[in-house]
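Trainee: Structure incoming, see below.
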Amino acid sequence: MAKPERVLRLTGSYYRTEGLSEEAFYDFMSRRHGAECAKIHEKYGILKYQLTQAFNTASTRALLESMKLPYAIDDHDLQIEYYFKDVSSLLAVSADEEFKALHVEATPYVRLDETTVTLTWIEVYLEDGKLVNIDGQGKSLQPSFAEQSDIQIADKPADKYY
């Protein structure tokens, strides 16, 4: 089995605008924003784009609280994940005029001043209910820490798209 390639993930965590209903937030972010952004991301070679914790609503938080897990509960309303191999893809998206227009359109729905982001690499071990990236002896096939963490700094900042 071949060693998997490193894939990076940028995750943005968002709160909806104060007073906006969960349903109105969902309708815009899923039906309009998510669908349109996906078309743009495809154009620039983003591997995967998904809305996760999609959507962190009163009902999903109640379920989580009922499980009595010993962890703090993340209360962001939405997380959006972008998967890519090279930061140039993500930088190209940030410069796209349609992408910029979609983010301006989203300002009545999202509190950008409280948005947080993380950039990580991902390691997949179970996909579609099947073990992946594990050899016959049960060992990980993932690249070493040195290989995974060898991440080059961007040549330029992201364009202002909001």
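Oh and the sequence shown: position 5 is 5 in UniProt numbering, straight run, nothing missing.
Idealized CB from N, CA, C, for every residue including glycine.
For Glu105 and Gly136, what's the separation of their Cα atoms in angstroms?
Mentor: Taking the straight line from one Cα to the other gives about 50 Å.
Trainee: Could you please give the first and the last residue of the uninterrupted beta strand (DSSP E) stretch that includes residue 200?
Mentor: The chain is shown only over 1 to 162; residue 200 falls outside these bounds and no answer can be derived.
Trainee: Can you tell me whether DSSP reads Ser140 as helix, strand or coil?
Mentor: Note: Ser140 maps to strand in three-state DSSP.
Trainee: Answer yes if the region 8-15 comes into contact with the region 119-126, meaning at least three C-beta pairs across the two stretches below 8 Å, and no otherwise.
Mentor: Segments in contact, yes.
Trainee: Could you tell me if Leu90 is buried or exposed, where buried requires 16 or more neighbouring beta carbons within 10 angstroms of its beta carbon?
Mentor: Buried, because 16 or more other Cβ atoms sit within 10 Å of the Cβ of Leu90.
Trainee: Express the C-alpha separation of Ala62 and Leu51 in angstroms, rounding to a whole number.
Mentor: Computed Cα separation, rounded: 20 Å.
Trainee: Compare the Cα-Cα distances from Tyr161 to each of Ala101, Ser144, Thr116 and Ile73 and report the closest residue.
Mentor: Nearest of Ala101, Ser144, Thr116 and Ile73 to Tyr161, Cα basis: Ala101.
Trainee: Check each candidate in Asp96, Ile46, Asp27 and Ser59 and name the one with the smallest Cα separation from Asp86.
Mentor: The shortest C-alpha separation from Asp86 is found at Ile46.
Trainee: Can you grab the Cα-Cα spacing for the pair Pro157 / Tyr109, in whole Å?
Mentor: Those two C-alpha atoms are separated by around 25 Å.
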